[in-house]
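Colleague: Residue numbers (this note's numbering): 451 to 654.
I'd like to ask some things about the structure below.
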């Protein structure tokens, strides 16, 4: 049995991953900002932590009672699209970078020391980093930074025996993508996406 912590578990991929790992008999910590959604996961057997990962102090305080971790999945994030590139929205850009990149840093600060030798860190990126998409300047830039972060951490954590995985899903049917106003080719169900991620992490 592994002890697993998943951020961004209130909905979407994070929630489904939590349910699937619980079904396998693992101990699962779930983190998010929606107490009612977290309560549903608690009923399924998860241990819950409600905090905003964009707040470094909240990250440290809320996760203080977490012990050793075999698998840390940093999934929390958001997506906003620019309406007009030439009228670049710096505030939107900052919001996305804060939620997808800075919050990842705060969560790593709080939780990476708890990952044991032989354990694994998994970071949620996106297939958007392979092909620039219109209006996705902020989201794509934040996920490209996650790609680099994962690569650098993979080198530095090898000595500690901690593996690093990078997850790059395409379009997945979640509450986040439900807001998209454009066609989403090869759209996966959240169940299929979670299954693919579980299989990929199990092979590492």
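Just so you know, even glycine gets a beta-carbon here, dropped at the ideal spot from N, CA and C.
Return the bridge partner residues of residue 528 from the DSSP annotation.
Modeller: Answer is none; residue 528 lacks a bridge partner.
Colleague: Quick one: residues in its chain with C-beta nearer than 6 Å to the C-beta of residue 574, no 5 flanking neighbours on either side, listed in chain order?
Modeller: So the list reads 525 and 617, once near-sequence residues are dropped.
Colleague: Could you give the DSSP three-state label for residue 518: helix, strand or coil?
Modeller: Three-state DSSP puts residue 518 in coil, outside helix and strand.
Colleague: Starting from residue 572, follow its DSSP beta bridges and name the residues at the other end.
Modeller: In the DSSP output, where bridge partners are listed per residue, residue 572 has 523 and 615.
Colleague: Would you decide whether residue 580 is buried or exposed? Buried here means 16 or more other CB atoms lie within 10 Å of its CB.
Modeller: It counts as exposed.
Colleague: Using DSSP with H/G/I as helix, E/B as strand and the rest coil, what is residue 453?
Modeller: Strand, per DSSP.
Colleague: Is residue 549 near residue 504, with beta carbons less than 8 Å apart?
Modeller: Yes, the Cβ-Cβ distance between residue 549 and residue 504 is below 8 Å.
Colleague: Cα separation between residue 531 and residue 585?
Modeller: If I take the Cα positions, the gap works out to 5 Å.
Colleague: Hey, could you find the ends of the alpha helix (DSSP H) residue 604 is sitting in?
Modeller: Note, residue 604: alpha helix (DSSP H), 587-607.
Colleague: To the nearest angstrom, report how far apart residue 451 and residue 494 are at their CA atoms.
Modeller: Those two C-alpha atoms are separated by around 17 Å.
Colleague: In its own chain, which residues sit with a C-beta less than 7 Å from the C-beta of residue 592, not counting the 5 before and 5 after it?
Modeller: Hits under 7 Å: 546, 547, 550 and 551.
Colleague: From the DSSP secondary-structure annotation, give me the bridge partner or partners of residue 478.
Modeller: BP columns for residue 478 point to 454.
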